[in-house]
Each structure stands twice: as structure tokens, then as C-alpha cells.
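Peer 1: Going by full-length UniProt numbering, the sequence shown wraps up at 310, each residue one higher than the last. Backbone N, C-alpha and C fix where the C-beta goes; we use that ideal spot for every residue, glycine too. Here you go, one structure.
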Amino acid sequence: MNSLVATPPFPPHFHEHYRISPTRSMSTPVQQNSNRKRKAEDDGNDNDVRMSASPTNSPAFTPRPLPFPNRQYKRSRPNVTGRPLPLPRLLETLDTDALRSVLQSVCDRHPGLGDEVVQIAPRPSVTSTLQILHNYLSTLQSSIPLGSGDSLSDYAYNRVKQQLNALLDALDDFTPHFLPPNESQTSTSLAYLDGATEVLNRVPKANTPRHNIRRDSTFENISKSWVVVIREAAKRGGGIQLQYGGWDQKIAKHNETSNGKLQEAVNELSNSLGWMGPPLPTSGGDQTSIRDQLLSGTYGMGVPLKVGPW
1 MNSLVATPPF PPHFHEHYRI SPTRSMSTPV QQNSNRKRKA EDDGNDNDVR
51 MSASPTNSPA FTPRPLPFPN RQYKRSRPNV TGRPLPLPRL LETLDTDALR
101 SVLQSVCDRH PGLGDEVVQI APRPSVTSTL QILHNYLSTL QSSIPLGSGD
151 SLSDYAYNRV KQQLNALLDA LDDFTPHFLP PNESQTSTSL AYLDGATEVL
201 NRVPKANTPR HNIRRDSTFE NISKSWVVVI REAAKRGGGI QLQYGGWDQK
251 IAKHNETSNG KLQEAVNELS NSLGWMGPPL PTSGGDQTSI RDQLLSGTYG
301 MGVPLKVGPW
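Have a look at this one:
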């Protein structure tokens with residue numbers, strides 16, 4: 001029996017696709033010689049090509065950027081913090097009293113520094129020293145109670161005892177510095193003694209005698225200092241500085257103001273210049289100096305002539 005068997009249809013995905021894909025054009029030529037072995041005659045040509053070609057075309061010489069670290073350079077900032085002043089700036093802020101106190105404390109802790117300070121410190125002048133003495137005197141006078149007068153009562157003395165001793169201590173300390181041999185110029189010594197004696201004469205006396213012991217002791221030291229300087233000045237140039245400096249009047253005036261406490265100095269000056277005229281008066285009246293007597297022509301009147309070596 002002839003039977004017709006129907007052929008089942010193919011599934012859809014088995015159908016052949018008859019769409020022709022478009023042709024693609026090769027942009028780069030096929031390297032036919034890439035797999036071909038290099039021959040000897042090819043080396044020469046390659047050398048010429050390599051010598052003529054720029055080395056930058058070689059992959060080994062491809063320029064590459066250098067790797068720089070990604071860091072930010074910051075400007076250094078000052079270290080702002082608290083710190084003490086340098087020594088020069090610190091000394092600028094100190095006044096005279098504070099600087100003196102610091103220097104004294106350092107010298108007390110290190111005694112060897114005291115001698116070095118004395119060597120490098122400038123010598124005090126007469127003007128600066130007398131100014132210090134006048135400052136002590138002003139402090140003393142401003143401390144005296146009102147209504148005390150020219151003399152000090154026991155109450156007033158107790159009020160100014162500290163200031164009085166400070167002035168007298170300064171006189172006792174400064175005076176030896178201006179005496180020979182420490183001071184070589186007698187003119188400097190005489191100028192200091194003149195100013196120091198004037199300051200001492202302005203120190204008020206106390207009503208109680210025992211309160212004047214210290215003042216009288218300072219007067220005695222000043223008088224002896226006058227004697228030392230007068231003797232030294234008389235040795236130099238025949239005492240010409242004493243003859244024409246008017247020191248006879250100055251010393252006589254100081255002696256009168258101090259009630260005769262400088263009589264020893266007056267006698268020494270009289271002995272040094274005795275060959276030139278009569279003895280100097282013990283109190284400063286209206287007597288003229290030797291220079292004035294020479295100028296007026298009255299020098300030596302009524303005085304016997306001395307015979308002997310000068």
C-alpha cells in the first residue's frame with residue numbers, strides 16, 4: 001500500500017539564513033613576509049634603514065613622563081610660642097636701680113666677677129659722683145619733718161637717720177677713690193673735695209651731741225683728705241696749682257661754714273704756701289687771696305722776709 005508519509009517541517013531555527021553578510025574591506029595589508037625567514041641580503045638594507053631612522057621611532061625610546069610625587073611644597077611657618085627675652089633686650093627694660101640690683105646680686109654670688117667688673121667699668125667722673133651725692137642730700141632734705149629748722153630734734157633725727165647714714169656712707173666710700181695714688185691728677189682730687197665738702201656742710205646738725213658723732217667723723221675724713229691732696233699738689237710745679245687756683249679762699253670758706261672742722265687742711269695749705277705770704281686766716285672773712293695781693297701790690301706788706309731755701 002502506497003502511503004504517503006508527510007515530511008515534517010523543520011523547526012524555525014534550523015532554517016538556513018540566506019542573507020549574505022556585507023563584505024569587509026581590509027584596511028591593513030596582510031603581512032605576507034611576517035613569517036618568512038630573514039635572509040642575509042636583507043640585513044644590509046635593515047641596517048641602512050635603522051641608521052637613517054630616528055631613534056625616537058623605536059619603542060625602546062618612547063618618551064614617557066617622569067613620575068613626580070604628588071606632594072605640595074608648603075612654606076615653612078615660624079614657630080610661634082612663648083619664650084623668654086634675650087639678655088640684651090632684657091637689660092634694655094631695666095632701670096638704673098634694677099640693673100644695679102641685678103649686677104650686685106651676680107657679684108655677690110660669684111665674687112670673682114666683682115674684680116672683673118671693677119677693671120672693665122669706666123672710672124667715675126667728678127660730675128657724676130657729685131650728682132649722686134646731691135641726690136642723697138635731696139632725699140635727706142625731703143625727709144626732714146616740717147618746722148625742724150636748721151637742727152634736728154630727736155624726733156626728726158629718728159625720721160631721717162636712714163637717709164643721713166646713706167649720705168655719709170656715700171661720702172666715706174667715694175672720697176678715697178679721688179685721692180692719690182689712685183687719682184693721679186690733683187686737679188681732679190681738689191675739684192671733688194670742693195664739691196663733697198659743700199655737700200657735707202649742708203647736712204644739718206642734731207641737737208643731741210651723740211647723734212653728731214657720725215657726721216663729725218666724716219668731717220674728719222674730709223679734712224685729712226684735703227691734707228693729702230694739698231701735700232701732693234705742693235710737690236708738683238712748686239705748688240703753682242695751689243697758688244693760682246684760689247684754693248686758699250675756698251678752703252677757708254669751707255672751714256668757716258663747718259665751724260673750724262677743716263682747720264687741719266687750712267694749716268697744711270698755710271705751711272705749703274707760707275713762703276709766699278702771711279698765714280691763711282682760720283676763718284673765711286674778707287681776706288684777699290695771694291693772687292689778688294700780687295695784682296694790687298699789697299702782697300708781703302708787714303711780713304718779714306724769709307731767708308733760706310724755698
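How far does the alpha helix (DSSP H) with Lys261 in it reach, from first residue to last?
Peer 2: Here residue 261 corresponds to residue number 261 of the sequence shown, with the count starting at 1. Per DSSP, Lys261 belongs to no alpha helix (DSSP H) and is neither H nor E.
Peer 1: Leaving out the 5 sequence neighbours to the left and right, which residues in its chain are closer than 7 Å to Val30 when beta-carbon positions are compared?
Peer 2: The count along the sequence shown starts at 1 and reaches residue 30 at position 30. Any reading at Val30 needs caution, since the residue's pLDDT is 48, under 50, leaving its predicted position unreliable; the model's value is listed next. There are no such residues.
Peer 1: Considering only C-alpha positions, which residue in the set Ala206, Val228, Thr208, Asp169 is nearest to Ser189?
Peer 2: As a first step, residue 189 is located in the sequence shown; it is residue number 189 there, counting from the start. Nearest option by C-alpha distance: Val228.
Peer 1: Which whole-angstrom value describes the C-beta separation of Leu140 and Leu167, a residue pair presumed to lie in contact below a C-beta threshold of 8 Å?
Peer 2: Indexing the sequence shown from 1 puts residue 140 at position 140. Indexing the sequence shown from 1 puts residue 167 at position 167. Leu140 to Leu167, Cβ: 6 Å. Contact.
Peer 1: What did DSSP end up calling Ala234 once you bin it into helix, strand or coil?
Peer 2: The residue labelled residue 234 in the question sits at position 234 within the sequence shown. Helix at Ala234.
Peer 1: Can the beta-carbon of Ile230 be found closer than 8 Å to that of Glu256?
Peer 2: By one-based count along the sequence shown, residue 230 stands at place 230. By one-based count along the sequence shown, residue 256 stands at place 256. No, they are not a contact pair.
Peer 1: To the nearest whole angstrom, what separates the beta carbons of Thr218 and Leu273, a pair I think is in contact under 8 Å?
Peer 2: Position 218 of the sequence shown, counted from the first residue, corresponds to residue 218. Position 273 of the sequence shown, counted from the first residue, corresponds to residue 273. About 27 Å; that fails the 8 Å criterion.
Peer 1: Check this for me: beta carbons of Val203 and Arg215, under 8 Å apart or not?
Peer 2: Here residue 203 is taken as the residue at index 203 of the sequence shown, counted from 1. Here residue 215 is taken as the residue at index 215 of the sequence shown, counted from 1. Their beta carbons are under 8 Å apart, which means Val203 touches Arg215 by this criterion.
Peer 1: Under 8 Å: do the region 178-187 and the region 233-248 share three or more Cβ pairs, one atom per stretch?
Peer 2: Touching, per the Cβ criterion.
Peer 1: Rounded to a whole number of angstroms, what is the C-alpha to C-alpha distance between Val102 and Asp95?
Peer 2: By 1-based counting over the sequence shown, the position of residue 102 is 102. By 1-based counting over the sequence shown, the position of residue 95 is 95. Spanning the two alpha carbons is a distance of roughly 11 Å.
Peer 1: Helix, strand or coil for Ala98? Go by DSSP, reduced to three states.
Peer 2: Along the sequence shown, read from residue 1 onward, the residue named residue 98 stands at position 98. The answer is helix: DSSP assigns Ala98 an H, G or I state.
Peer 1: Is DSSP giving Ala206 helix, strand or coil here?
Peer 2: Here residue 206 corresponds to residue number 206 of the sequence shown, with the count starting at 1. Residue state, collapsed to three classes: strand.
Peer 1: Looking at the structure shown, is Leu146 part of a helix, part of a strand, or coil, going by DSSP?
Peer 2: On the sequence shown, residue 146 is found 146 positions in, with the first residue counted as 1. Looking at Leu146 - three-state DSSP - the assignment turns out to be coil, as it is neither helix nor strand.
Peer 1: Quick one: grab the DSSP three-state call for Leu152.
Peer 2: Translated into positions along the sequence shown, residue 152 becomes position 152. If DSSP states are grouped into helix, strand and coil, Leu152 belongs with the strands.
Peer 1: Nearest to Leu146 by CA position, among His177, Lys235, Val160, is which residue?
Peer 2: The residue labelled residue 146 in the question sits at position 146 within the sequence shown. Out of His177, Lys235, Val160, Val160 has the C-alpha closest to the C-alpha of Leu146.
Peer 1: How far does the alpha helix (DSSP H) with Asn201 in it reach, from first residue to last?
Peer 2: Position 201 of the sequence shown, counting from 1, holds the residue named residue 201. It spans 186-201 - the alpha helix (DSSP H) in which Asn201 sits, taken as one unbroken run.
Peer 1: Is the distance from the Cβ of Glu264 to the Cβ of Pro180 below 8 Å?
Peer 2: Here residue 264 refers to the residue found at position 264 of the sequence shown. Here residue 180 refers to the residue found at position 180 of the sequence shown. Contact: no.
Peer 1: How would you write the range of the alpha helix (DSSP H) that residue 311 sits in, first residue to last?
Peer 2: Because the chain here runs from 1 to 310, residue 311 falls outside it and cannot be looked at.
Peer 1: What number of angstroms, rounded off, separates the C-alpha of Val118 from the C-alpha of Asn259?
Peer 2: Reading the sequence shown from its first residue, position 118 is the one you call residue 118. Reading the sequence shown from its first residue, position 259 is the one you call residue 259. Taking the straight line from one Cα to the other gives about 38 Å.
Peer 1: Suppose the cutoff is 6 Å on Cβ atoms and the five residues either side in sequence are ignored; what does the same chain contact list for Tyr157 look like?
Peer 2: In the sequence shown, the residue the question calls residue 157 occupies position 157. So the list reads Ala206, His211, once near-sequence residues are dropped.
Peer 1: Apply the 10 Å Cβ neighbour rule to Tyr192 and answer buried if 16 or more other Cβ atoms are within range, or exposed otherwise.
Peer 2: Translated into positions along the sequence shown, residue 192 becomes position 192. When all chains shown are included, Tyr192 counts as buried.
Peer 1: Using only alpha-carbon positions, find the residue among Asp248, Ser128, Ser143, Gln163 that is nearest to Ala196.
Peer 2: Taking the sequence shown and counting its residues from 1, one reaches residue 196 at position 196. Residue Ser128 is the option with its Cα nearest to Ala196.
Peer 1: Taking the alpha carbon of Ile132 as the reference point, which residue from Trp247, Gly245, Asp97 has its own alpha carbon closest?
Peer 2: Here the question's residue 132 lines up with position 132 in the sequence shown. When each option's Cα is compared against that of Ile132, the closest is Asp97.
Peer 1: To the nearest angstrom, how far is the alpha carbon of Thr93 from that of Thr81?
Peer 2: One-based indexing of the sequence shown puts residue 93 at position 93. One-based indexing of the sequence shown puts residue 81 at position 81. So the two alpha carbons sit approximately 21 Å from each other.
Peer 1: Whose C-alpha, out of Lys253, Ile213, Leu262, is nearest the C-alpha of Lys224?
Peer 2: Residue numbering aside, residue 224 sits at position 224 when the sequence shown is read from its first letter. If we check each option's Cα against that of Lys224, Leu262 comes out closest.
Peer 1: Applying the 10 Å Cβ sphere with the 16-neighbour rule, what's the burial state of Ile251?
Peer 2: Translated into the one-based positions of the sequence shown, residue 251 becomes position 251. That one is buried.
Peer 1: Assign Ala234 to one of two classes, buried (16 or more other C-beta atoms within 10 Å of its C-beta) or exposed (fewer than that).
Peer 2: Residue numbering aside, residue 234 sits at position 234 when the sequence shown is read from its first letter. Buried, since its Cβ has 16 or more Cβ neighbours within 10 Å.
Peer 1: Skipping 5 residues on each side, what residues in its chain have a beta carbon closer than 6 Å to that of Phe174?
Peer 2: Mapped onto the sequence shown, residue 174 falls at position 174. So the list reads Thr129, once near-sequence residues are dropped.
Peer 1: Could you tell me which of Pro122, Asp248, Tyr136, Tyr155 sits nearest to His177, measuring between CA atoms?
Peer 2: On the sequence shown, residue 177 is found 177 positions in, with the first residue counted as 1. Selected option, being the one with the closest Cα: Pro122.
Peer 1: In angstroms with no decimal places, state the Cα-to-Cα distance between Asp154 and Pro88.
Peer 2: As a position in the sequence shown, residue 154 is number 154, starting the count at 1. As a position in the sequence shown, residue 88 is number 88, starting the count at 1. The alpha-carbon atoms of Asp154 and Pro88 are separated by roughly 48 Å.
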